[in-house]
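For reference, the structure is listed below as structure tokens.
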Amino acid sequence: MNVIVAVIALFTLVWAIASSNEQIKKLSEELQLLEKHVFGNVYDIAQIKDLEFAMLYHKKQKLSGILLKEITLNIKKDKEIGVHWKMAARQGLRKIAAGFGGEIDEKPIIMDTCSRFVTKRKASFLRDEHQDCWGWWHVEYAHSRIVPDNEDFEIAYKIKMQKPGNYDLNIHIFTDEAREPFKGILKVKII
475 MNVIVAVIAL
485 FTLVWAIASS
495 NEQIKKLSEE
505 LQLLEKHVFG
515 NVYDIAQIKD
525 LEFAMLYHKK
535 QKLSGILLKE
545 ITLNIKKDKE
555 IGVHWKMAAR
565 QGLRKIAAGF
575 GGEIDEKPII
585 MDTCSRFVTK
595 RKASFLRDEH
605 QDCWGWWHVE
615 YAHSRIVPDN
625 EDFEIAYKIK
635 MQKPGNYDLN
645 IHIFTDEARE
655 PFKGILKVKI
665 I
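Just so you know, we're using this note's numbering here: the sequence shown kicks off at 475 and counts up by one.
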């Protein structure tokens, strides 16, 4: 009888040690994740998906779809273009930078952000918007703008056309949780 009790006690001890090691490992992983959240290192690159142009329908402008990876614009007049993406994870949005590649006197220039909706209300998010010497437009939030997982986000820009050609619209999206920004490219052809 004592042998049976000793064997059961031994199996219980082995099971307790094995499950405590597993729980300690899980707790360690959770603590590492919490530490990364506190110090801003959850991801190497900001988690963004489905970066594309979001063009609203205008009677004068015929488009083959609403969400596009590349667009063709007429040089005769300046345009408003929307850029759309989804957050691939819950993150605190800090900064959005956008600009065209190419020579400063030839490439399109982002002049401002704009609202593409019929009604507009001022957001309570404090932010700074400015253009740098290379023609890139920056939107920097004073405090993290928390955007949930799989949430859509859109920003619209007023574009000044300069010369015909093919240009890359570079989008850099910075979040609190990532060391490096997400860097995406959308193609723009100006005719």
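Built from N, CA and C at the ideal position, the CB exists for glycine as well.
Cβ-based burial, residue i [other Cβ within 10 Å; buried from 16]
i	result
Pro-622	exposed
Trp-489	exposed
Lys-533	Low confidence applies here, because Lys-533 scores a pLDDT of 45, under 50, leaving its location unreliable; read the following figure in that light. Its Cβ having fewer than 16 others within 10 Å, Lys-533 is exposed.
Val-477	exposed
Leu-501	exposed
Ile-519	exposed
Residue nearest to residue i in terms of C-alpha spacing, selected from the options
i	options	result
Glu-544	Asp-650, Glu-654, Asp-642, His-604	Asp-642
Glu-614	Glu-496, Ala-528, Lys-523, Lys-569	Lys-569
Ile-555	Asp-518, Ala-528, Leu-600, Ile-498	Ala-528
Thr-587	Ala-630, His-617, Ala-571, Ala-480	Ala-630
Met-635	Ile-583, Asp-606, Glu-628	Ile-583
Lys-523	Glu-496, Val-557, Glu-503, Thr-486	Val-557
Residues that residue i bridges to, as DSSP identifies them
i	result
Phe-627	Trp-559
Ile-478	Per DSSP, none; premise fails for Ile-478.
Asp-602	Glu-614
Beta-carbon proximity list for residue i, same chain, < 6 angstroms, skipping 5 on both sides
i	result
Gly-658	Leu-525, Ile-645
Arg-619	Leu-567, Phe-599
Leu-547	Lys-553, Ile-664
Pro-638	Ile-549, Ile-664, Ile-665
Local conformation of residue i per DSSP, three classes
i	result
Glu-496	helix
Ala-520	coil
Ile-491	helix
Glu-554	strand
Gln-636	coil
Sequence-distant residues of the same chain with beta carbon closer than 8 angstroms to residue i, five excluded per side
i	result
Asn-624	Lys-560, Met-561, Ala-562
Glu-654	Asp-518, Ile-519, Ala-520
Cβ neighbours of residue i in the same chain (closer than 7 angstroms, five flanking residues each side left out)
i	result
Thr-649	Ala-520, Gln-565, Gly-566, Leu-567, Arg-568
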